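The opening residue of the sequence shown carries number 3 in the working numbering; numbering runs sequentially from there. No residue lacks a Cβ here, since even glycine has one placed at the ideal position from N, Cα and C. None of the values given here were measured: they were computed from a predicted structure.
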Amino acid sequence: MYSKPSHTLNKIEPQSNQFLDQDIENIIKCIESEYGDVIDSSMRNLMKSEIQKAIPELNQMLLPLINIASQEKKLPENLQEDLTKKFMKIMLPHIQKIISAS
Numbered sequence: 003m004y005s006k007p008s009h010t011l012n013k014i015e016p017q018s019n020q021f022l023d024q025d026i027e028n029i030i031k032c033i034e035s036e037y038g039d040v041i042d043s044s045m046r047n048l049m050k051s052e053i054q055k056a057i058p059e060l061n062q063m064l065l066p067l068i069n070i071a072s073q074e075k076k077l078p079e080n081l082q083e084d085l086t087k088k089f090m091k092i093m094l095p096h097i098q099k100i101i102s103a104s
């Protein structure tokens, strides 16, 4: 149903903007489909920009936790909480920019 992501967890390599844009565009299309609405081009561009800004920081903060989980086949409860907190700390400012522009 969804297209295959253009990255893997084991080996994150810098993606070309074309692939990253397509991944983000696929996410936006899913949002549009879910809510039965169309996101205009300026909002699309803002969403892409904010997501692209967040990705390097997300990779740096979250990949160690994801690697632990893959080795242990499960993320320990204390690390689940840590993962959620770190994700929200990184994404909240970007989400706020998107919401305030809508």
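- Message: Going by C-alpha to C-alpha distance, which of ALA56, LYS50, SER43 sits closest to GLN24?
- Response: LYS50
- LYS55 lies in the alpha helix (DSSP H); which residues open and close that run? 43 to 74
- Does the stretch 33 to 41 come close enough to the stretch 53 to 60 that 3 or more CB-CB pairs lie under 8 Å? Of all C-beta pairs linking the stretch 53 to 60 to the stretch 33 to 41, fewer than three are shorter than 8 Å, placing the two stretches out of contact.
- Message: If you reduce the DSSP assignment to three classes, tell me which class PRO78 lands in.
- Response: The DSSP-derived three-state label of PRO78 is coil.
- Below 7 Å CB to CB, which residues in the same chain sit around ALA103 once its five sequence neighbours on both sides are set aside? MET45, LEU48.
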